[in-house]
Amino acid sequence: MISIPQERIRNFCIIAHIDHGKSTLADRILEFTGAITEREMMEQVLDQMDLERERGITIKLTAVRMIYRARDGQEYMLNLIDTPGHVDFTYEVSRSLAACEGALLVVDASQGIEAQTLANVYLALENNLEIIPVVNKIDLPSAEPERVKQEIEDVIGLDSQEAILASGKAGTGVEDILEAVIQKIPPPKGDSTKPLRALIFDSNFNPYKGAISYIRVVDGQLEKGMLIKMMSSGLEFEVTEVGVFNPALKVVDRLTAGEVGYVAASVKNVKDTRVGDTIIDADHPAAEPLPGYREAVSMVFCGLYPVEASDYTNLRDALEKLKLNDAALRYEPETSAALGFGFRCGFLGLLHMEIVQERLEREYGLTLITTAPSVVYHLIQTDGQKISIDNPALWPAPNQIHQIEEPFVKATIMVPTEYVGAVMELTQEKRGIFLNMEYLSAVRVILTYELPLSEIIYDFFDQLKSRSRGYASLDYELVGYRASDLEKLDILVNGEPVDALSFIVHQERAQQRGRSLVEKLRSLIPRQLFDVPLQAAIGNKIIARENIRAKRKDVLAKCYGGDITRKRKLLEKQKEGKKRMKQVGSVEIPQEAFMAVLKVE
Amino acid sequence: MFPSNALAVYVHIPFCRQKCLYCDFYSLPLSSLKDRKMGGVEVKDYTTAVLKELATYLNFFHRSGAKNLLRLSSLYVGGGTPTSLPVEQLSALIIGCLHKFAGVKEGISKLDNGIEVTVEANPETIDERYLTQLRKSGVNRLSLGVQSLDEGLLPALGRRHTVVDSLRAVKQARQTGFQNINLDLIYGLPGQSLKSWQTTLEGVLELYPEHISGYCLKIEPDTPFYQLFCQGALALPEEDEEVAMFECLVDRLHRAGYRHYEIANFARPGYESVHNQVYWKNQEYLGLGPSAHSCLRGVLPSQVWKASANRESGLEERELRSSPVRFANYPDLTRYQRHLESGHSPVEFAEVIKPELERAETLFLGLRLREGVSKSAFQQRFGLTLDQAYPGVRTQLIQRGLLQEEGERITLTSRALFVANEVFREFLP
Chain A
0 MISIPQERIR
10 NFCIIAHIDH
20 GKSTLADRIL
30 EFTGAITERE
40 MMEQVLDQMD
50 LERERGITIK
60 LTAVRMIYRA
70 RDGQEYMLNL
80 IDTPGHVDFT
90 YEVSRSLAAC
100 EGALLVVDAS
110 QGIEAQTLAN
120 VYLALENNLE
130 IIPVVNKIDL
140 PSAEPERVKQ
150 EIEDVIGLDS
160 QEAILASGKA
170 GTGVEDILEA
180 VIQKIPPPKG
190 DSTKPLRALI
200 FDSNFNPYKG
210 AISYIRVVDG
220 QLEKGMLIKM
230 MSSGLEFEVT
240 EVGVFNPALK
250 VVDRLTAGEV
260 GYVAASVKNV
270 KDTRVGDTII
280 DADHPAAEPL
290 PGYREAVSMV
300 FCGLYPVEAS
310 DYTNLRDALE
320 KLKLNDAALR
330 YEPETSAALG
340 FGFRCGFLGL
350 LHMEIVQERL
360 EREYGLTLIT
370 TAPSVVYHLI
380 QTDGQKISID
390 NPALWPAPNQ
400 IHQIEEPFVK
410 ATIMVPTEYV
420 GAVMELTQEK
430 RGIFLNMEYL
440 SAVRVILTYE
450 LPLSEIIYDF
460 FDQLKSRSRG
470 YASLDYELVG
480 YRASDLEKLD
490 ILVNGEPVDA
500 LSFIVHQERA
510 QQRGRSLVEK
520 LRSLIPRQLF
530 DVPLQAAIGN
540 KIIARENIRA
550 KRKDVLAKCY
560 GGDITRKRKL
570 LEKQKEGKKR
580 MKQVGSVEIP
590 QEAFMAVLKV
600 E
Chain B
0 MFPSNALAVY
10 VHIPFCRQKC
20 LYCDFYSLPL
30 SSLKDRKMGG
40 VEVKDYTTAV
50 LKELATYLNF
60 FHRSGAKNLL
70 RLSSLYVGGG
80 TPTSLPVEQL
90 SALIIGCLHK
100 FAGVKEGISK
110 LDNGIEVTVE
120 ANPETIDERY
130 LTQLRKSGVN
140 RLSLGVQSLD
150 EGLLPALGRR
160 HTVVDSLRAV
170 KQARQTGFQN
180 INLDLIYGLP
190 GQSLKSWQTT
200 LEGVLELYPE
210 HISGYCLKIE
220 PDTPFYQLFC
230 QGALALPEED
240 EEVAMFECLV
250 DRLHRAGYRH
260 YEIANFARPG
270 YESVHNQVYW
280 KNQEYLGLGP
290 SAHSCLRGVL
300 PSQVWKASAN
310 RESGLEEREL
320 RSSPVRFANY
330 PDLTRYQRHL
340 ESGHSPVEFA
350 EVIKPELERA
360 ETLFLGLRLR
370 EGVSKSAFQQ
380 RFGLTLDQAY
390 PGVRTQLIQR
400 GLLQEEGERI
410 TLTSRALFVA
420 NEVFREFLP
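In order, the protein sequences belong to chains A and B.
Last residue of the first sequence: 600 (numbering that gives the first Met the number 0), numbering continuous.
Last residue of the second sequence: 428 (numbering that gives the first Met the number 0), numbering continuous.
Here it is as structure tokens:
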């Protein structure tokens, strides 16, 4: 590959809200620079995971190197590092930002800036990134580029005069974007003559090459055969391969200061290529590590259990493998009286949780029960002992609890003015504390609230979307723990408490949640051959009760020669449905029932 | 007695005067035949096509040495409404079928000694002349779609007959020499009360039929009833009410001396349906006409297999020989006839019933019979015991009170009758 001097390298990322067209625009940029030919072009090349392509979102960040011949006649090396747009993945965003000098801020010309975009822009500004505003989807009939430009100026304070108008779909504005990248974004600073310092911004497990570190070389050079050292652990490895993202892995001779690429060094465990760590030359070690990252914090916890007990080891192996590529995933074994052996898992947020669950089912063929998500509560017991609890089943008896604290977040909600009333009503219902309201323009408002995280992970986001007809957007960050009046609500099925259905609820909501949950469960649990009472209880007190009536008939149809195949298929389908149920005592409970608590209000 | 492995034949007559609102069987309004002269479809042509289809199979059985299949054990003419055809046509079809079988040619009158020949009829379509002609053609069992003796309920079902029609039809059938009559009844109808059902049962018992089928109404997709149901416009009885109707049926007919021999079927001793038992015992049968299903073992004409549009690929000849194959004709009169006329197979769909499926079917069909399934017969048929095939299942079902053992047979408990799918499911692979 041609060698390009450091002053002609540009490292950048794209900040955009979900659906604002980031992936399509990235695809056009790749096409334009010839990083991939049109024939190789699968839609959304950067989103390689099936799930990403289906949901149209980016989960893991990916990087790609492009060579661009600019209007000045010179060739530039551009490294585009993809960033996830969802609030759950703020942690991953901060990682990619640290490897860049600039960012494209892509805003949908008919939607305007959204709360998460704003949060990511602030993150980029903190990292001293040069920001290039791009107004995308200008080909849509509903596009209002002037309004959006004004918003960019008012809200972020960027000069939007130079904002680029683009359409990923139509391919317009791509060259302007690339020119802006080389003119406005500074080249990387590092010094290739200094001892090696490279920042690991992601890692990945490859069955042939071992753990692969995605790196940004800050100082020095990196090449095959070198002995490198992980600064935090002191572990040393011999480099077997360096390369770049093309977007597939492509071997190169060396990576020098300013470049983005990967390094493989027969590292057996992804743990040893810790994201945020600094790689140095073992023979000429640099003294100072690069600034790393804050640790990913698990905010949401749930239990994952195999429907078939015999799948436990398969689940463990699958989690282990997923963990290789997902540093933010936490898990440890736990046991439930109702569900048997499983794992308590920690996630960045609800979407992260759903994605892990879906990947386990899809890529590893497991059938799982997911229990309702929980946050981490801080409890002070009457004996003065402080404990943290992420599993309602482990909640102590009320008389042993002195005080309970739950995590609160600061939530930023951007919403058109006409929905302010509806959003305020919602935050009120969710125990929100009003902090501030700021007009972005005559038609849009930023609301700031403090809210219990537990309310956010229930149905807050769905409610917010439905009450604002999809126009509101949300971002939040953890601000600390506050004392709350909470209690544990137990569910009894057929007279037996089912620990996996217990949840923590605010005292004022207990009665109502209990009632709507048993109602919901009544509709979700199929009728058995006997009556099944359902009860909600706090301590020994039953606060709600429902009854699932026994099934009395399920075979009535005639069955002659022409009915046999059809009849068998019906039975097969029923049997398949049963496989997705968990036998708890003598009652079969379907998967969805364990998440039912999320669906009531 | 005839040999048990002689052939059971079903002929589908895909015509009705008017389609009932709950019915999802394949049939056409008879008037459409005349309207569709363009397609060349006439009743006479239909008869020709069915006889040609039968002849093709018999030729094949003959060539492959399956001698037993050249003899007939039962003929069942269903629909649709077979008796919506002019009697001359229907007779010609029946006689044509019967004459193709060995041992029948000598005389149709001898049929009564061994071969069950059933025709389904709607009360308003038959009279004395019609019935006399059917008897002469060898028909010895009449299955009448009476459905209900509550006058108020019939029109809402889309039935064109009255209660008087039903009573008259039974009387005329007796007069013309039918000594084996089945009456089809439906309960769980919109607006039906338990009392109405009891009245129907009493009325039916006065007619003293040899056989009674009692079906609970099931709302099938692609029927007018389904649409009404979705709109909430069908006032169906509550589940408890339906169960009460079933229990009333079982109890009343038992007291009247009928044997409850299949979930929905009752007969005076010795009058159990020969033809239908073939299905429940998971034996072989040949179906003729559009939408008709067949199940044959080891003698499936390979062109039938190859011609079927919808079949698994990659099966070896050997598998085709050793496993039963279930197959079905196009559920479309024009396509069915076109295929036959041009010398092609009218089979649209075929599936090889692999051993684990055959086991499952044998059990979920066999357990529909009150006599249940013989454990030794199961072992003989499949080379492994029930418990080997389904470890733990028998015991579990017995413990749950759904299955019981009577000597060396397993049968459903009376409690399990109405929730039999709970049992059947357990035997699927």
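C-beta: ideal position from N, C-alpha, C; glycine also.
Just so it is clear, the structure is predicted and the values come from calculations on it, not from any experiment.
Run down chain A in chain order and give the residues with a C-beta less than 7 angstroms from the C-beta of B:F363.
-> L570
Rounded C-alpha distance that separates A:H19 from A:A102: 15 angstroms
- Query: Buried or exposed: where does B:E404 fall if 16 or more other Cβ atoms within 10 Å of its Cβ makes it buried?
  - Reply: That one is exposed.
**Prompt:** Across which residues does DSSP place A:H16 in a beta bridge pair?
**Reply:** DSSP lists no partner for A:H16.
Does the beta carbon of A:D553 sit closer than 8 angstroms to a beta carbon anywhere in chain B? At least one CB atom of chain B sits nearer than 8 angstroms to the CB of A:D553.
Short check: CB of B:R369 to CB of B:H274, under 8 angstroms? no
Chain B contacts from the stretch 580 to 596 of chain A (Cβ-Cβ distance under 7 angstroms): none
So, do the stretch 60 to 79 of chain B and the stretch 6 to 13 of chain B have three or more beta carbon pairs nearer to each other than 8 angstroms? yes
Using a C-beta to C-beta distance shorter than 7 angstroms, which residues of chain B count as neighbours of A:I547? Neighbours of A:I547 on chain B: none; closest Cβ ~13 angstroms, over 7 angstroms.
| said: Please list, in chain order, the chain B residues whose beta carbon lies closer than 7 angstroms to that of A:L528. | reply: V418 and E421
Please report whether the beta-carbon of B:Y329 lies at a distance below 8 angstroms from any beta-carbon of chain A.
no
| said: Using a Cβ-Cβ cutoff of less than 8 angstroms, which residues in the same chain neighbour B:M37 once the five nearest sequence positions on both sides are dropped? | reply: With a pLDDT of 39 at B:M37, under the threshold of 50, the modelled position of this residue cannot be trusted; read the value that follows with caution. Within the same chain, B:M37 has no close Cβ partners at all.
Which residues in the same chain as A:V586 place their Cβ atom closer than 8 angstroms to its Cβ, once the five residues preceding and following it in sequence are excluded? V492, N493, I524, Q527 and V531
State yes or no: is the beta carbon of A:I563 nearer than 8 angstroms to at least one beta carbon in chain B?
yes
- Item | The beta strand (DSSP E) enclosing A:M229, as first and last residue numbers | L226 to M229
Next item on the list: Pull up the DSSP beta-bridge partners for A:Y213, would you.
Entry: A:D201 and A:Y261
Original post:
Does any C-beta atom of chain A lie closer than 8 angstroms to the C-beta of B:H292?
Top reply: Closer than 8 angstroms: yes.
Pick helix, strand or coil for A:L452, following the three-state DSSP scheme. helix
What span of residues does the alpha helix (DSSP H) with B:G365 cover, start to end?
P354 to G365
Worksheet item: Looking at the C-beta of B:R325, does it have a partner C-beta in chain A at a distance below 8 angstroms?
Response: yes
Nearest-angstrom Cα separation, counted from A:V120 out to A:E417:
Taking the Cα positions, A:E417 is about 26 angstroms away from A:V120.
Check: At what residue ranges does the stretch 203 to 230 of chain B contain a whole run of the beta strand (DSSP E), taking only runs of 3 or more?
Finding: The stretch 203 to 230 of chain B contains these whole beta strand (DSSP E) runs: 210 to 215.
task = Identify, in the order they occur along the chain, each residue of the same chain with its Cβ nearer than 8 angstroms to the Cβ of B:E425, setting aside the five sequence neighbours on each side.
result = Y389, V392, Q395 and L396
ask   = A:D458: buried (16+ other C-beta within 10 angstroms of its C-beta) or exposed?
value = Counting the other Cβ atoms within 10 Å of the Cβ of A:D458 gives 16 or more, which makes it buried.
Open item on the list: Taking the alpha carbon of A:F593 as the reference point, which residue from A:Y304, A:L24 and A:I386 has its own alpha carbon closest?
Closed with: Minimum Cα distance to A:F593 is reached at A:Y304.
Open item on the list: Only counting the same chain, and skipping five residues up and downstream in sequence, which positions put a Cβ closer than 6 angstroms to that of A:P185?
Closed with: E100
Practice prompt. Quick one: using the 10 Å Cβ neighbour count with 16 as the cut-off for buried, is B:A232 buried or exposed?
Written response: That one is exposed.
Can B:F265 and B:S293 be called in contact, C-beta distance under 8 angstroms?
-> No, these two residues do not count as a Cβ contact at 8 angstroms.
Inset, instruction - Kindly indicate which three-state DSSP category A:P185 falls into: helix, strand or coil? - result: coil
Handout entry: chain A contact for B:N275 (CB, 8 angstroms cutoff)
Key = yes
| query | So is A:A308 in contact with chain B if we call contact Cβ pairs under 8 angstroms? | reply | no
**Item:** 8 angstroms Cβ cutoff met for A:I490 and A:L500
**Value:** yes
Q.
Distance cutoff 8 angstroms, beta carbons only. Does B:V242 sit that close to anything in chain A?
A. Yes, contact with chain A.
Distance cutoff 8 angstroms, beta carbons only. Does B:S3 sit that close to anything in chain A?
Here B:S3 scores only 46 on pLDDT, less than 50, and its place in the model is too uncertain to base an answer on.
* To do: Could you have a look at B:C19 and say whether DSSP puts it in helix, strand or coil?
  => In this structure, B:C19 counts as coil in the three-state DSSP scheme.
Any heavy atom of the ligand COA closer than 7 angstroms to the CB of A:I279?
In the structure on display, the ligand COA does not appear, and there are no ligands present to speak of.
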